[in-house]
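In mature numbering (1 follows the signal peptide of the UniProt record, and there is no 0), the protein residues as written are -19 to -1, 1 to 232.
Right, dumping it as structure tokens:
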């Protein structure tokens, strides 16, 4: 079985397969030297992202915005033809909800996203990156059940991390560190260089639900401050959309 390898502070956490349980620390810093395309859950991080997470750079001062607010994408040859329209519809809805603040167009002009369907789950780079193209993966069928999942990955591609990584999260949620699969501890790292924009919203399409990455699927890993469970929202909220508009300088 393939193992997800995450490099943290010079040691390697492996073993999703063996199901080791519990996180050794509540605040994890990621190693910064020589790391590119490090996978943290459904995000592929480059060295700039890691510096932002560790607080060495500011998210907004070191923007990875798409030029002219236009995101160009194309489908790889391995992408199932019968799912292409689902992606197009999802992006059409997102663009409409954003009131054309950001536009999604198909093509290979300039820098573009290549949408794959490898057997590697769902993932995306954060914001626009270097090189002629960047990957975004939507495994079929797992990543194609919900338009919310497609929008979630493309919002990563717009430059956004997960809501529960906000540095003000401890005012709003409680993380049960002893219940998390050890191999997934980095998924709950705070982004020290990300300034919160707007109210904290557990209903955000970018927020993990309560059961994600639990050692025991019957236990909750993340709960609201009042102990309430957090479900997975399959649609963007008004605050999600406003956050994107603010970042891309739209009214």
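Glycine included, each C-beta is placed from N, C-alpha and C at the ideal position.
Nearest-angstrom Cα separation, counted from residue j out to residue i
{"i": "residue 58", "j": "residue 65", "result": "11 Å"}
{"i": "residue 144", "j": "residue 201", "result": "17 Å"}
{"i": "residue 130", "j": "residue 193", "result": "14 Å"}
{"i": "residue 60", "j": "residue 118", "result": "9 Å"}
{"i": "residue 191", "j": "residue 212", "result": "7 Å"}
{"i": "residue 25", "j": "residue 140", "result": "11 Å"}
{"i": "residue 86", "j": "residue 106", "result": "18 Å"}
{"i": "residue 209", "j": "residue 112", "result": "44 Å"}
{"i": "residue 163", "j": "residue 68", "result": "33 Å"}
{"i": "residue 81", "j": "residue 229", "result": "11 Å"}
{"i": "residue 151", "j": "residue 181", "result": "10 Å"}
{"i": "residue 45", "j": "residue 188", "result": "21 Å"}
{"i": "residue 226", "j": "residue 54", "result": "20 Å"}
{"i": "residue 22", "j": "residue 56", "result": "22 Å"}
With 16 other Cβ atoms within 10 Å as the buried cut-off, status of residue i
{"i": "residue 49", "result": "exposed"}
{"i": "residue 232", "result": "exposed"}
{"i": "residue 101", "result": "exposed"}
{"i": "residue 136", "result": "buried"}
{"i": "residue 205", "result": "exposed"}
{"i": "residue 221", "result": "buried"}
{"i": "residue 126", "result": "exposed"}
{"i": "residue 30", "result": "buried"}
{"i": "residue 89", "result": "exposed"}
{"i": "residue 154", "result": "buried"}
{"i": "residue 51", "result": "exposed"}
{"i": "residue 215", "result": "exposed"}
{"i": "residue 1", "result": "exposed"}
{"i": "residue 167", "result": "buried"}
{"i": "residue 165", "result": "buried"}
6 Å Cβ shell around residue i - same chain, five flanking residues per side excluded
{"i": "residue 156", "result": "169 and 203"}
{"i": "residue 161", "result": "4, 194 and 202"}
{"i": "residue 47", "result": "109"}
{"i": "residue 114", "result": "93 and 95"}
{"i": "residue 184", "result": "214 and 218"}
{"i": "residue 39", "result": "174"}
{"i": "residue 133", "result": "186"}
{"i": "residue 233", "result": "Examination of residue 233 is not possible in this model, given that the chain is present from -19 through 232 alone."}
Beta-carbon proximity list for residue i, same chain, < 8 Å, skipping 5 on both sides
{"i": "residue 123", "result": "102 and 103"}
{"i": "residue 84", "result": "50, 51, 52 and 76"}
Residues near residue i by beta carbon distance below 7 Å, same chain, minus five either side
{"i": "residue 121", "result": "61, 64 and 98"}
{"i": "residue 223", "result": "179"}
Next on the checklist: Could you check whether the region 93 to 111 touches the region 69 to 80, counting it as contact only if at least three pairs of C-beta atoms, one from each stretch, sit closer than 8 Å?
Outcome noted: no
Next on the checklist: Contact between the region 206 to 221 and the region 25 to 45 is defined here as three or more beta-carbon pairs at a separation below 8 Å; is this criterion met?
Outcome noted: no
Item to check | 4-residue-minimum alpha helix (DSSP H) runs that sit fully inside the region 23 to 70, ordered along the chain | outcome: 28 to 34
Next on the checklist: To test your reading of the DSSP string, which unbroken alpha helix (DSSP H) runs of 4 or more residues are found completely within the region 77 to 164?
Outcome noted: For the region 77 to 164, the continuous alpha helix (DSSP H) assignments of 4+ residues that do not extend past its boundaries occur at 128 to 139, in sequence order.
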